[in-house]
Amino acid sequence: MDVKTICLTMIADGETVSTSAIDYAVSMAEQARAHLSCRLAPSELNLPSARVLPMVRALVDEVNAERLAAAKDLQAKIETAARLAGISCDCEILEGRYLEARDKAVDGARASDIVVLPQARGALSSETGLIEAILFGCGRPAIVVPDGWTEGAAPKRVMVAWDGGGRAARAVGDALPLLTRADAVEVVCVTDGAASNLAGSDIARHLSRHCRDLRLLDLPITHGDAGRTLVDHLAASGQTDLMVMGAFVHSRLFQLVLGGVTSVMLEEARIPVFYSY
-8 MDVKTICLTM IADGETVSTS AIDYAVSMAE QARAHLSCRL APSELNLPSA
42 RVLPMVRALV DEVNAERLAA AKDLQAKIET AARLAGISCD CEILEGRYLE
92 ARDKAVDGAR ASDIVVLPQA RGALSSETGL IEAILFGCGR PAIVVPDGWT
142 EGAAPKRVMV AWDGGGRAAR AVGDALPLLT RADAVEVVCV TDGAASNLAG
192 SDIARHLSRH CRDLRLLDLP ITHGDAGRTL VDHLAASGQT DLMVMGAFVH
242 SRLFQLVLGG VTSVMLEEAR IPVFYSY
């Protein structure tokens, strides 16, 4: 993947904004000599009662004005960071109601090579809806960056979560340029204890022809939760600076009812995660 356009997409509603995703996207664009294209969604507040109650309408107008001002401040910060890094940048504020802005963000992400997103502030937050829409709808790989990440955008130790499925294979293919530049790559297969690391032997053999240093790990599942098993492994290793995985193995309904590996990683991963769907 020859990266020439990186899309940074964020909710800009006046709440605390993580600068980690901004720093990551700028650093990535600087290293790749790529263009940075930003989409900021103020998430316009809309209350039906504002149409008939002047007091409510005034309050809604005030909130929306504050959100738009916050988005413009963030826009200026991103443009300044890009200018200091010596990269080209366009930064658009997607005005309108949340669903309208979200759909515009998905459309914009399609015209890029990769998308960078900040980690959501909660499972029911507007960021979660935006991340899911990007992962499901834009057809591009995405990197979700957690708040507080300061290690840059040049991963040296990468973990691949391998389940043998098509989406995992897509993620490996999309992330291959990052994998080949890494100092070490670990392919992790979460198993029920009865399976062997033969589950990942084929992909490990394939990646060994690309990667400098490759390790295959058979990781027994704990508490019946593959997502929790991966999070615990990342915490224990303490050295991985990027994880690669396919997004949403189950159907959306199944994912929302039962949770899943992707949900856990979206909420709890403390390192950037590269997703493909």
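If you count the sequence shown from 1, position 206 lands on 197 in our numbering, and the numbers rise without skipping. Idealized CB from N, CA, C, for every residue including glycine. Predicted model only: the values in this text are computed from it and were never measured.
For S254, there is no enclosing beta strand (DSSP E); the enclosing alpha helix (DSSP H) has its first and last residue at 252 to 259. With a cutoff of 8 Å on beta-carbon distance, V163 and V235 are scored as near each other.
Setting aside the 5 residues that flank it on each side, W153 is surrounded in the same chain by A159, V178, C180, G191, I194, each with a C-beta closer than 6 Å to its C-beta; the list follows chain order. In the DSSP assignment, R30 forms a beta bridge with T0, E83. In the DSSP assignment, V163 falls within the unbroken alpha helix (DSSP H) covering 157 to 172.
Shown here for V255: same chain residues with a beta carbon closer than 7 Å to its own, the five before and five after excluded, namely G218, R219, V222 in chain order.
Y266 carries a strand assignment under DSSP once its states are collapsed to helix, strand and coil.
Around T213, the same chain offers R219, T220, D223 as residues with beta carbons nearer than 7 Å, after the five sequence neighbours per side are excluded.
For I134, the enclosing beta strand (DSSP E) stretches over residues 133 to 136. Under DSSP, L108 shares a beta bridge with V135. The alpha-carbon separation between S117 and Q110 amounts to approximately 11 Å. Sorting Y266, I125, D104, A60 by C-alpha distance to the C-alpha of E86 places A60 at the top. Secondary structure note for E91: its alpha helix (DSSP H) is the uninterrupted segment 89 to 101.
Only exposed fits G156, as fewer than 16 other CB atoms lie within 10 angstroms of its CB.
For Y15, the closest of A100, P146, L198 by C-alpha to C-alpha distance is P146. When beta bridges are read from the DSSP output, D232 appears opposite no residue. Between C202 and D64, the alpha-carbon positions lie close to 42 Å from each other.
Taking every protein chain shown into account, the CB of G113 has fewer than 16 other CB atoms within 10 angstroms, so this residue is exposed.
Here DSSP, grouped into helix, strand and coil, assigns A145 to coil.
In the three-state reduction of the DSSP assignment, E21 falls in the helix class, which pools H, G and I. From the listed residues V136, R131, V54, the smallest Cα separation to I262 is found for V136.
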